[in-house]
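Colleague: Chains as they are written, first to last, in numbering that gives the first Met the number 0: chain A, 0 to 599; chain B, 0 to 97.
From the three backbone atoms N, C-alpha and C, an ideal C-beta is built for every residue, glycine too.
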Amino acid sequence: MFGYHNKVLIIDVSARDWQWQVIGEDVLRNFIGGSGLGAYLLYHYCPPGTDPFSPGNPLIFCTSPLVGSRLTTTSKFAVVSKSPQTGFVGDSLSSSSLALSLKGIGADAVIVLGHSKEWISLKVDETGVEFLPAGQLVGFTTSKTEGYLKGTLGRNFDIACIGPAGEKLVRFASISNDGGRQAGRTGNGAVMGSKKVKAIAFHGRKSVDTCDEGSLSERRKDLSQKSFGHATEKYRTLGTMANLSVFDRLKVLPTGNFRNQRGDNFKDITGETIHSEEKVSSSHCANCTIGCEKLVTVPGNGTEKVRLEYQSLFALGPLVGISDRATILKSSKFCDEMGMDTISAGSTCAWFMESMQKDLIPSRWMNKVPEHEDNKDLLENLLKVISQRSGVGDLLAEGSARASKEIGLDSGDFAMHVKGLEMPGYEPRALQTLALALAVSTRGACHNRSSAYEYDFSSNSDTTSGAKGQLVKDGEDYSAVMDSLIWCKFVRKVFEQFYEESANILDDITGWNVSADQLRQCGERINNIKKQFNIREGWVKDHDTLPKRIFSEPSYNGTENVWLREDDLEKMISSYYRAREWTSEGLIPESKLESLGIAF
Amino acid sequence: MSAEIKVTVEFFGNSRLITGCESVDLAFTNPPGANATDIVRQLGMLFPGLGGKVLELNQNRLLGSYVFNLNGKGFSDHRGLDLKNGDSLLILPSQAGG
Numbered sequence: 000m001f002g003y004h005n006k007v008l009i010i011d012v013s014a015r016d017w018q019w020q021v022i023g024e025d026v027l028r029n030f031i032g033g034s035g036l037g038a039y040l041l042y043h044y045c046p047p048g049t050d051p052f053s054p055g056n057p058l059i060f061c062t063s064p065l066v067g068s069r070l071t072t073t074s075k076f077a078v079v080s081k082s083p084q085t086g087f088v089g090d091s092l093s094s095s096s097l098a099l100s101l102k103g104i105g106a107d108a109v110i111v112l113g114h115s116k117e118w119i120s121l122k123v124d125e126t127g128v129e130f131l132p133a134g135q136l137v138g139f140t141t142s143k144t145e146g147y148l149k150g151t152l153g154r155n156f157d158i159a160c161i162g163p164a165g166e167k168l169v170r171f172a173s174i175s176n177d178g179g180r181q182a183g184r185t186g187n188g189a190v191m192g193s194k195k196v197k198a199i200a201f202h203g204r205k206s207v208d209t210c211d212e213g214s215l216s217e218r219r220k221d222l223s224q225k226s227f228g229h230a231t232e233k234y235r236t237l238g239t240m241a242n243l244s245v246f247d248r249l250k251v252l253p254t255g256n257f258r259n260q261r262g263d264n265f266k267d268i269t270g271e272t273i274h275s276e277e278k279v280s281s282s283h284c285a286n287c288t289i290g291c292e293k294l295v296t297v298p299g300n301g302t303e304k305v306r307l308e309y310q311s312l313f314a315l316g317p318l319v320g321i322s323d324r325a326t327i328l329k330s331s332k333f334c335d336e337m338g339m340d341t342i343s344a345g346s347t348c349a350w351f352m353e354s355m356q357k358d359l360i361p362s363r364w365m366n367k368v369p370e371h372e373d374n375k376d377l378l379e380n381l382l383k384v385i386s387q388r389s390g391v392g393d394l395l396a397e398g399s400a401r402a403s404k405e406i407g408l409d410s411g412d413f414a415m416h417v418k419g420l421e422m423p424g425y426e427p428r429a430l431q432t433l434a435l436a437l438a439v440s441t442r443g444a445c446h447n448r449s450s451a452y453e454y455d456f457s458s459n460s461d462t463t464s465g466a467k468g469q470l471v472k473d474g475e476d477y478s479a480v481m482d483s484l485i486w487c488k489f490v491r492k493v494f495e496q497f498y499e500e501s502a503n504i505l506d507d508i509t510g511w512n513v514s515a516d517q518l519r520q521c522g523e524r525i526n527n528i529k530k531q532f533n534i535r536e537g538w539v540k541d542h543d544t545l546p547k548r549i550f551s552e553p554s555y556n557g558t559e560n561v562w563l564r565e566d567d568l569e570k571m572i573s574s575y576y577r578a579r580e581w582t583s584e585g586l587i588p589e590s591k592l593e594s595l596g597i598a599f
Numbered sequence: 000m001s002a003e004i005k006v007t008v009e010f011f012g013n014s015r016l017i018t019g020c021e022s023v024d025l026a027f028t029n030p031p032g033a034n035a036t037d038i039v040r041q042l043g044m045l046f047p048g049l050g051g052k053v054l055e056l057n058q059n060r061l062l063g064s065y066v067f068n069l070n071g072k073g074f075s076d077h078r079g080l081d082l083k084n085g086d087s088l089l090i091l092p093s094q095a096g097g
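1. Quick check on the DSSP output: what are the complete beta strand (DSSP E) runs of length 3 or more inside the stretch 428-492 of chain A, in order along the chain?
2. Looking at the unbroken beta strand (DSSP E) that takes in A/Val21, where does it start and where does it end?
3. Quick check on this structure: which residue in A/Gly33, A/Val493 and A/Asp11 has the alpha carbon closest to the alpha carbon of A/Lys116?
4. Using only the alpha-carbon positions, how far apart do A/Val471 and A/Tyr425 sit?
5. Just the Cα atoms here: how many angstroms apart are A/Ile627 and A/Arg15?
6. State yes or no: is the C-beta of A/Gly338 within less than 7 Å of the C-beta of A/Ser175?
7. Let's test the definition: count the other Cβ atoms within 10 Å of the Cβ of A/His446 and tell me whether it reaches 16, buried, or not, exposed.
8. Which of the three DSSP states is assigned to A/Phe265 in this structure?
9. Can the beta-carbon of B/Gln94 be found closer than 7 Å to that of A/Lys233?
10. Within the 7 Å Cβ cut-off, does A/Phe456 reach chain B?
11. Confirm, please, whether the CB-CB distance from A/Trp364 to A/Ser399 is below 7 Å.
12. CB-CB under 7 Å to A/Glu277, same chain, minus the five flanking residues each way: which ones, in chain order?
13. With DSSP as the reference, identify every bridge partner of A/Ala172, one or two as the case may be.
14. Would you kindly work out how many angstroms separate the C-alpha atoms of A/Ala47 and A/Met481, rounded to a whole number?
15. Cβ of B/Gln94 less than 7 Å from any chain A Cβ?
16. For a contact defined as C-beta to C-beta under 7 Å, what are the partners of B/Lys72 on chain A?
17. If you follow the alpha helix (DSSP H) that A/Glu292 is in, where does it begin and where does it stop?
18. Output needed for A/Asp177: all residues of its chain with C-beta closer than 6 Å, excluding positions within five of it in sequence on either side, in chain order.
19. If you draw a straight line from the C-alpha of A/Ile59 to the C-alpha of A/Tyr44, how long is it?
20. Taking Cβ-Cβ distances below 7 Å as the criterion, which residues of the stretch 239-261 of chain A are in contact with chain B?
21. Apart from the five residues just before and just after A/Asn374, which ones in its own chain have a Cβ nearer than 8 Å to its Cβ?
22. If you follow the beta strand (DSSP E) that A/Phe532 is part of, which residue opens it and which one closes it?
23. Do the stretch 32-45 of chain B and the stretch 512-528 of chain A meet, that is, are 3 or more Cβ pairs less than 8 Å apart?
24. Which stretch, first to last residue, makes up the beta strand (DSSP E) that contains B/Arg7?
25. Give me whichever residues DSSP pairs with A/His416 in a beta bridge.
26. Taking the Cβ atom as the reference point for each residue, do A/Ser440 and A/Gly35 lie within a distance shorter than 7 Å?
27. Determine which residues of the stretch 5-33 of chain B have a Cβ less than 8 Å from any Cβ of chain A, and write them out in chain order.
28. Compute the beta-carbon to beta-carbon distance between A/Gly602 and A/Lys367, rounded to the nearest angstrom, for a pair I have assumed lies under 8 Å.
29. Strictly below 8 Å CB to CB, what residues from chain A border B/Val66?
30. Measure from the C-beta of A/Leu237 to each C-beta in chain B and report whether the shortest distance is under 7 Å.
31. Since I believe A/Leu249 is in contact with A/Thr326 (beta carbons under 8 Å), could you give me their beta-carbon distance rounded to a whole number of angstroms?
32. Under the criterion of a Cβ to heavy atom distance below 6 Å, does A/Asp221 qualify as lining the ligand FAD?
33. Closer than 8 Å by beta-carbon distance: list the chain B residues that pair up with A/Ala230, in chain order.
34. What residues of chain B sit near A/His283, judged by a beta carbon separation below 8 Å?
35. Is the separation between the beta-carbon of A/Gly124 and that of A/Gly67 shorter than 7 Å?
36. From A/Tyr575 to A/Thr209, what does the alpha carbon distance come to, in whole angstroms?
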């Protein structure tokens, strides 16, 4: 078989056993790889009703047919489990050399099951798995863990690891790889921590055959050439940091826990200013020609650098009412080292700060708030106690959804999450196609699984609620294909005909003679199996909504208030269900499951 | 009788780095008034470095990876821009992701 190994490696850390299993070509054709293959495996390996922290929750690492092809931006992998934040499908992507080593062991996916009694690391290569004691690594930061394992096992190993936050089961803990890249969202680091697996070291050189290397080589050159052009200019120049000044100007930058949409004092933290005033270097993932990563020196930490992204800049800055560049840089670096998702960490702190201002925090928790002089100090101290689950950090490590339930007193009205996953840095009252996507996304408040903001930022967006349902459906299916092949989202504008060009590349690799329409249907299938997993795990229509604040308070566009009414969102959700050919309650008819081949 | 209109062009991202400024005020005589072609032509003369990076000078338009936004509200492509005195025209990267 071309493009794949046709195998899954299953590791049981309870029994300290492992086995290779064949995976059928039909599964690979239907779910491709990455996030799609992960969703399929999750559906089948996670028993219904499994607690995310129980041994039965599989932690799945997936490669894809494009990994190893040397096509630009394709050194990516997906991590999938039942999310401890949402209780639904949890998937996150990360990049670089680890993807190559993961595929190099000779598997298309690795599934980790069970619970270890003691802390262990897994050494995984072409011959199988070694279970190594890792008690000495407990408490290590992510960079120290990676450095230690590379030092002891060899530089040729690539390390996926958790930091102290994952060890302590902080629900939004991330998995770190390749020097600080993060599979950040949905809490896969906490699932890894629940298994007492501190790290997984991958090394392998097993390659797969390509069906038509000559044709692929031409497409590889063409794509690389195009990726140097203006379609990726933004990412190459300032990286995603460029968003901050634009969003501030357009009044779509959530600030002060989504109470405002811009600020008067963010000049010091715009991408343009940071680029001009700080030592910024560019970096890139393995096999990437774009190089969106911007490494910024962390104040007071010698030459240490942080990989600064817009979402971290937003969540640890404007969202918590902070415009001090040094605090943001230090906090972002701290989250990476502790292994915590910056969006959820910042958003949970923003909710807590507002609750404190409103005097809603009961004394049993207020007594445990770390001493602080100002908001900057408070943020840094809250992040510290969250990562340790000490004091009030034990409450906040649960995330804003659970913490607000514990506090009550209507504090849930401004806990800015969907299904338990905190919201990214886009203002949904102004960006209403995105608002719909956030509400219906299977993994909670996620901007990356639909790219729906693209429509809100374009000049030809149909603004009717009926049109938005189809737009979000199309965006989700497109994103599912991107996340399964796996392409980096930042290369998307390089394609003129995404499905056609991707189908041709998949043909070159696999020889499947797949059409653009078949690829499009893969995207639909993947989104449906994710939804079907959620339905199995207790999803009901009420889960598809937004925080109350979004409906009860308007945003302001500079001249007038902008409202998103709950019944308007309802209409959009109905249009989305219709576009998906689901029932009015958002359930998938049996006939739809059968037509997609997922009536399991 | 012609009257002068003033339009402020605001730069973001790469265009701000190239021009070294956050905005520039441009003046036009009305009629014929100002449209996207007029704007791009004037910007090209003021900031030749924008050529090939942000502006497609031989076509008098933005490169495909940039988009106009009028007064921080509506997005617009090359066509359909009819600028009035006091308008702010933002030049933004069209890739919103991140």
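Modeller: Judging by the given coordinates:
1. none
2. One-based indexing of the first sequence puts residue 21 of chain A at position 22. Its beta strand (DSSP E) spans residues Asp16 to Val21.
3. As a first step, residue 116 of chain A is located in the first sequence; it is residue number 117 there, counting from the start. For the residues A/Gly33, A/Val493 and A/Asp11, the minimum Cα distance to A/Lys116 belongs to A/Asp11.
4. As a position in the first sequence, residue 471 of chain A is number 472, starting the count at 1. As a position in the first sequence, residue 425 of chain A is number 426, starting the count at 1. Using only the alpha carbons, I get a separation of about 16 Å.
5. Not covered by the structure: residue 627 of chain A. The range shown for chain A is 0 to 599.
6. The sequence position of residue 338 of chain A within the first sequence is 339, counting from 1. The sequence position of residue 175 of chain A within the first sequence is 176, counting from 1. Yes; because the gap between Cβ atoms is below 7 Å, this pair is in contact.
7. As a position in the first sequence, residue 446 of chain A is number 447, starting the count at 1. Buried, because 16 or more other Cβ atoms sit within 10 Å of the Cβ of A/His446.
8. On the first sequence, position 266 is the one that residue 265 of chain A refers to. Correct three-state label for A/Phe265: coil.
9. On the second sequence, residue 94 of chain B is found 95 positions in, with the first residue counted as 1. On the first sequence, residue 233 of chain A is found 234 positions in, with the first residue counted as 1. Contact check for B/Gln94 against A/Lys233 passes: the beta carbons are separated by less than 7 Å.
10. Position 457 of the first sequence, counted from the start, is the residue given in the question as residue 456 of chain A. True, the Cβ-Cβ gap to chain B drops below 7 Å.
11. Locating residue 399 of chain A in the first sequence gives position 400, where the first residue counts as 1. Locating residue 364 of chain A in the first sequence gives position 365, where the first residue counts as 1. No.
12. Start at 1 with the first residue of the first sequence, and residue 277 of chain A comes out as number 278. These residues qualify, in order along the chain: Val295 and Thr296.
13. The residue labelled residue 172 of chain A in the question sits at position 173 within the first sequence. Answer by DSSP bridge pairing, in chain order: A/Met339.
14. As a first step, residue 47 of chain A is located in the first sequence; it is residue number 48 there, counting from the start. As a first step, residue 481 of chain A is located in the first sequence; it is residue number 482 there, counting from the start. First, the residue type needs correcting, since residue 47 of chain A is Pro and not Ala in the sequence shown. Computed Cα separation, rounded: 28 Å.
15. Working through the second sequence from its first residue, we reach residue 94 of chain B at position 95. So, interface residue.
16. Position 73 of the second sequence holds residue 72 of chain B. Near B/Lys72 (Cβ distances below 7 Å), the residues of chain A are Asn556.
17. On the first sequence, position 293 is the one that residue 292 of chain A refers to. Note, A/Glu292: premise wrong, no alpha helix (DSSP H); beta strand (DSSP E) at Glu292 to Thr296.
18. Here the question's residue 177 of chain A lines up with position 178 in the first sequence. Closer than 6 Å at the Cβ level, and outside the excluded window around A/Asp177, lie Ser95, Ser96 and Leu97.
19. Residue 59 of chain A sits at position 60 when you count from the first residue of the first sequence. Residue 44 of chain A sits at position 45 when you count from the first residue of the first sequence. One C-alpha to the other measures close to 10 Å.
20. Thr239, Ala241, Asn242, Ser244, Val245, Arg248, Leu249 and Lys250
21. If you number the first sequence from 1, residue 374 of chain A lands on position 375. Within the same chain, Val319, Gly320, Ile321 and Met352 come within 8 Å of A/Asn374 by CB-CB distance, once the 5 residues on both sides are set aside.
22. Position 533 of the first sequence, counted from the start, is the residue given in the question as residue 532 of chain A. A/Phe532 -> not in any beta strand (DSSP E); alpha helix (DSSP H) instead, spanning Ala515 to Arg535.
23. no
24. Residue numbering aside, residue 7 of chain B sits at position 8 when the second sequence is read from its first letter. Note on identity: in this sequence residue 7 of chain B is Thr, with Arg being the wrong assignment. In the DSSP assignment, B/Thr7 falls within the unbroken beta strand (DSSP E) covering Ala2 to Phe10.
25. Counting from one through the first sequence, the residue named residue 416 of chain A turns up at place 417. A/Glu421.
26. Along the first sequence, read from residue 1 onward, the residue named residue 440 of chain A stands at position 441. Along the first sequence, read from residue 1 onward, the residue named residue 35 of chain A stands at position 36. No. Outside cutoff.
27. Residues are counted here when their Cβ sits less than 8 Å from a Cβ of chain A; for the stretch 5-33 of chain B these are Glu9, Phe11, Gly12, Asn13, Arg15 and Leu16, given in chain order.
28. Given a span of 0 to 599 for chain A in the structure shown, any question on residue 602 of chain A remains unanswerable.
29. Within the second sequence, residue 66 of chain B is the residue found at index 67, counting from 1. Near B/Val66 (Cβ distances below 8 Å), the residues of chain A are Phe456, Ser457 and Ser458.
30. Locating residue 237 of chain A in the first sequence gives position 238, where the first residue counts as 1. Yes, because at least one Cβ of chain B sits closer than 7 Å to the Cβ of A/Leu237.
31. Within the first sequence, residue 326 of chain A is the residue found at index 327, counting from 1. Within the first sequence, residue 249 of chain A is the residue found at index 250, counting from 1. With 8 Å as the limit, A/Thr326 and A/Leu249 do not qualify as a contact, their Cβ atoms being about 25 Å apart.
32. Among the components of this structure there are no ligands whatsoever, and the ligand FAD is therefore not found.
33. If you number the first sequence from 1, residue 230 of chain A lands on position 231. The contacting residues are Gly63, Ser64 and Gln94.
34. Taking the first sequence and counting its residues from 1, the one referred to as residue 283 of chain A is at position 284. Neighbours of A/His283 on chain B: none; closest Cβ ~16 Å, over 8 Å.
35. The residue labelled residue 124 of chain A in the question sits at position 125 within the first sequence. The residue labelled residue 67 of chain A in the question sits at position 68 within the first sequence. It should be pointed out that residue 124 of chain A corresponds to Asp in this sequence rather than to Gly. Contact: no.
36. Walking along the first sequence from the start, residue 575 of chain A turns up at place 576. Walking along the first sequence from the start, residue 209 of chain A turns up at place 210. The straight-line gap from Cα to Cα measures roughly 38 Å.
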